[in-house]
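Engineer: If you scroll down you'll find the structure; I have some questions about it.
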Amino acid sequence: MKRIGSAKFWLVIAAFVVIFLPPFAKYQELRYKNAKLEERIKSLKSENERLTEEKRLLETDINYVEKKAREKIGVVRRGEIVMKEVQVRR
Numbered sequence: 033m034k035r036i037g038s039a040k041f042w043l044v045i046a047a048f049v050v051i052f053l054p055p056f057a058k059y060q061e062l063r064y065k066n067a068k069l070e071e072r073i074k075s076l077k078s079e080n081e082r083l084t085e086e087k088r089l090l091e092t093d094i095n096y097v098e099k100k101a102r103e104k105i106g107v108v109r110r111g112e113i114v115m116k117e118v119q120v121r122r
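For any residue, its number in the numbering used here is found by taking its place in the sequence shown, counting from 1, and adding 32.
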């Protein structure tokens, strides 16, 4: 009699595992994906704030515009001498 009760117990445990383990695994996977997406959202918000500030500077600060033009496309003022660093290979 004890053996039949033990078999029923293990059968219930096996059924429980079969029924509840796949949804739990899916839940864990979704939690991981959600955490990664939250991290990505945070990163994108930070990048958006940086770009918004840069846009504001480009629209309002002529010195910033000049600095960026000099950095990006090598703009120089009339009469300035451009010096370019050259690396010599040996």
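Every residue, glycine too, gets a C-beta built ideally from N, C-alpha and C.
Quick check on DSSP: helix, strand or coil for Glu112?
Structural biologist: Note: Glu112 maps to coil in three-state DSSP.
Engineer: Taking just the CA atoms, how far does Gln119 sit from Glu79?
Structural biologist: Going by the C-alpha atoms only, they are around 34 Å apart.
Engineer: Mapping the DSSP letters down to three states, classify Gln119 as helix, strand or coil.
Structural biologist: Reduced to three states, the DSSP call for Gln119 is coil.
Engineer: For the alpha helix (DSSP H) containing Val97, list its first residue and its last residue.
Structural biologist: First-last of the alpha helix (DSSP H) with Val97: Ile94 to Ile105.
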